Amino acid sequence: MIKKWRVRVLVAVLMTVGVLVGMPVSGATEVGPGYSIEMSRMIPMRDGVGLEAWIFKPSQLNSKAPTVLCLTQYEIDGMARGRYFTQRGYVYAQVYVRGRGRSGGVKSENLGLQVGRDGYDALEWIAAQPWSDGRVVMYGGSFFGMTQWRTAAQIPPHLAGIAPYVPIYPGWDVPNTNGIPQSWSAVIMGDVSGRSHNTRITVPSASWTRRSASRRTTGG
Numbered sequence: 005m006i007k008k009w010r011v012r013v014l015v016a017v018l019m020t021v022g023v024l025v026g027m028p029v030s031g032a033t034e035v036g037p038g039y040s041i042e043m044s045r046m047i048p049m050r051d052g053v054g055l056e057a058w059i060f061k062p063s064q065l066n067s068k069a070p071t072v073l074c075l076t077q078y079e080i081d082g083m084a085r086g087r088y089f090t091q092r093g094y095v096y097a098q099v100y101v102r103g104r105g106r107s108g109g110v111k112s113e114n115l116g117l118q119v120g121r122d123g124y125d126a127l128e129w130i131a132a133q134p135w136s137d138g139r140v141v142m143y144g145g146s147f148f149g150m151t152q153w154r155t156a157a158q159i160p161p162h163l164a165g166i167a168p169y170v171p172i173y174p175g176w177d178v179p180n181t182n183g184i185p186q187s188w189s190a191v192i193m194g195d196v197s198g199r200s201h202n203t204r205i206t207v208p209s210a211s212w213t214r215r216s217a218s219r220r221t222t223g224g
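The opening position of the sequence shown corresponds to residue 5 in my numbering, with each subsequent residue numbered one higher.
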């Protein structure tokens, strides 16, 4: 027998696909051009730690709106996404995990329960804001995708859906193919190990990665 929460998460995923394909939400015609950004808003967690959030809102939002949330360890670079979602009547929020940006606490590398609990707290805080209609969806790939699964497992009451893609998980697939770490995984971990982007680390180009993969498979 399928557990009720699993059915709920599955339905939420299917609903999110419809939400994020580009169709404006109800009331989007009331939204004026442009958007505003609330920078470095600190969202309180249950243990008193604050997480830094950048919140993009339609500049002339005249009614409550749903929110698209991304919980990230990368640099907050939501200008393009913020523009895309706000033009369609959504609020867009990017939140740094613990230990990144101005977020308090210590960054965890194992994507354990703490990430999910923080996702729960950030999501429920958003749902309680005066500009929120109570619906929050999570979106994004790679690390963004993994934080969605962790958050969904906590069953936040206002999680309307998730849309993860390429949510890698070390030890299962990339960057640990058959349990063997790929060399560039060390570069990625070094890049996100501190509070901000590590400019001394150069991420390998796509062509370099392809050549390395070719040598491994052909013996060249």
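Note that the Cβ used here is the ideal one computed from N, Cα and C, for glycine as well. Only a predicted model underlies this, so the values are computations on that prediction, with no experimental measurement involved.
ask   = Taking the DSSP output, what are the residues bridged to Phe-60?
value = Along the sequence shown, read from residue 1 onward, the residue named residue 60 stands at position 56. Ile-41 and Tyr-96, per the DSSP bridge assignment.
task = Over the uninterrupted alpha helix (DSSP H) stretch that includes Gly-120, give me the two end residues.
result = Residue 120 sits at position 116 when you count from the first residue of the sequence shown. Note, Gly-120: alpha helix (DSSP H), 117 to 131.
key: Of the residues Pro-134, Gly-103 and Tyr-124, the one placed nearest Pro-160, counting alpha carbons only   = Stepping through the sequence shown from its first residue, residue 160 is reached at position 156. Minimum Cα distance to Pro-160 is reached at Tyr-124.
task = Compare the C-alpha of Pro-134 against each of Lys-61, Leu-75 and Ser-44 and name the closest.
result = In the sequence shown, counting from the first residue as 1, residue 134 sits at position 130. Cα-wise, what sits closest to Pro-134 is Lys-61.
task = Enumerate in chain order the residues of its own chain whose CB-to-CB distance from Thr-147 is below 6 Å, with the five nearest sequence positions on each side excluded.
result = Stepping through the sequence shown from its first residue, residue 147 is reached at position 143. Reading off the sequence, residue 147 comes out as Phe, not Thr. Same-chain partners within the cutoff: Gln-77.
ask   = Do Leu-73 and Leu-127 have their C-beta atoms within less than 7 Å of each other?
value = What you label residue 73 is simply residue 69 of the sequence shown in a count that begins at 1. What you label residue 127 is simply residue 123 of the sequence shown in a count that begins at 1. Yes, the pair counts as a contact, with Cβ atoms nearer than the cut-off.
query = What do you get for Leu-117, buried or exposed, if any count of 16 or more other CB atoms within 10 angstroms of its CB means buried?
reply = Along the sequence shown, read from residue 1 onward, the residue named residue 117 stands at position 113. Label assigned to Leu-117: exposed.
query = For Met-49, which three-state DSSP category applies?
reply = Position 45 of the sequence shown, counted from the first residue, corresponds to residue 49. Of the three classes helix, strand and coil, the one that applies to Met-49 here is coil, per DSSP.
task = With DSSP as the reference, please indicate the residues paired to Gly-54 in a beta bridge.
result = As a working note, residue 54 is residue 50 in the sequence shown. The partner list for Gly-54 (beta bridge, DSSP) reads Pro-48.
inquiry  = Using a 10 Å radius around the Cβ and a threshold of 16 neighbouring Cβ atoms, would you call Met-49 buried or exposed?
reply    = Against the sequence shown, residue 49 aligns to sequence position 45. It is buried - the Cβ of Met-49 has at least 16 other Cβ atoms within 10 Å.
ask   = Taking the beta strand (DSSP E) that Ala-157 falls in, what are its first and last residues?
value = Taking the first residue of the sequence shown as position 1, residue 157 is located at position 153. No beta strand (DSSP E) holds Ala-157; DSSP gives it neither H nor E.
Close Cβ partners of Ser-40 (< 6 Å) along its chain, the five nearest in sequence each way excluded = Along the sequence shown, read from residue 1 onward, the residue named residue 40 stands at position 36. Excluding residues within five positions, the ones whose Cβ falls inside 6 Å are Lys-61 and Ser-63.
key: Span separating the alpha-carbon of Asn-66 from that of Tyr-94   = To locate residue 66, count along the sequence shown from 1; it is residue 62. To locate residue 94, count along the sequence shown from 1; it is residue 90. Going by the C-alpha atoms only, they are around 12 Å apart.
request  = Grab me the residues of Val-53's own chain with a C-beta within less than 6 Å of its C-beta, minus the 5 sequence neighbours each way, in chain order.
outcome  = What you label residue 53 is simply residue 49 of the sequence shown in a count that begins at 1. Cβ neighbours of Val-53 beyond the five flanking positions: Gly-108 and Gly-109.
query = What are the boundary residues of the alpha helix (DSSP H) that includes Gly-86?
reply = As a working note, residue 86 is residue 82 in the sequence shown. Start and end: 83 to 90.
task = Look at the Cβ atom of Met-142, then the Cβ atom of Leu-115, and state whether they are nearer than 7 Å.
result = As a working mapping, residue 142 is identified with position 138 in the sequence shown. As a working mapping, residue 115 is identified with position 111 in the sequence shown. Taking 7 Å as the Cβ cut-off, Met-142 and Leu-115 do not qualify as a contacting pair.
message = Just to confirm, is the Cβ distance from Ala-132 to Val-140 under 7 Å?
response = Taking the sequence shown and counting its residues from 1, the one referred to as residue 132 is at position 128. Taking the sequence shown and counting its residues from 1, the one referred to as residue 140 is at position 136. In this structure, Val-140 does not lie closer than 7 Å to Ala-132 by Cβ.
ask   = Expressed to the nearest angstrom, what Euclidean distance is found between the alpha-carbon atoms of Leu-18 and Val-101?
value = Taking the sequence shown and counting its residues from 1, one reaches residue 18 at position 14. Taking the sequence shown and counting its residues from 1, one reaches residue 101 at position 97. Summary for Leu-18: the model assigns pLDDT 39, below 50, so the residue's position carries little reliability, and this model does not support an answer.
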